[in-house]
Amino acid sequence: MSNRIYTIASATLLFLSVSLFSQTQTGDQLLHPEVQRYTDLLELSDEQTDALQAVYIETATRGKEIDTEMKEARLSQRDKLQNATPSEKEQYRTDMNELS
């Protein structure tokens, strides 16, 4: 029984070490194409490339969050309009026309 546990633990550690090694060897391939283009164009150092990649990831993540918030707001507004009385709908149209 202890031999099986030892074998499983050894195989797991070997797998993890190979995975980590392969990730460090392919670090350049993990860059987004836009980041890679700017890295090549501006001849950025590794630290600058990492910083640019971090900014790109943060911006993309925030963009997805904003898209989700906008979709939820649209659905909420649509439901609100569908359940509104005619006078509330007219008031909404008036408010929208004033904003335009």
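Just so you know, we're using the working numbering here: the sequence shown kicks off at 136 and counts up by one.
Where a beta carbon is used, it is the ideal one built from N, C-alpha and C, also for glycine.
Since the model is a prediction, treat every value here as computed from it, not as a measurement.
### Query
Do LEU187 and LEU176 have their C-beta atoms within less than 8 Å of each other?
no
### Buried/exposed call for THR220, threshold 16 Cβ in 10 Å
exposed
### Task
Could you check which residue in ASP202, LEU165 and GLY198 has the C-alpha nearest to that of THR184?
LEU165
### Message
Restricting to Cα atoms, I'd like to know which of MET231, GLU169 and GLY198 is closest to GLN212.
### Response
MET231
### Task
Keeping to the same chain, check which residues put their C-beta closer than 8 Å to that of TYR227; ignore five residues upstream and five downstream.
LEU216 and ALA219
#### Entry: C-beta contact flag for HIS167 and TYR191 at 8 Å
Contact: yes.
### Cβ neighbour criterion (16 or more within 10 Å) applied to VAL153
exposed
### Residue interval of the alpha helix (DSSP H) (run including ASN232)
221 to 234
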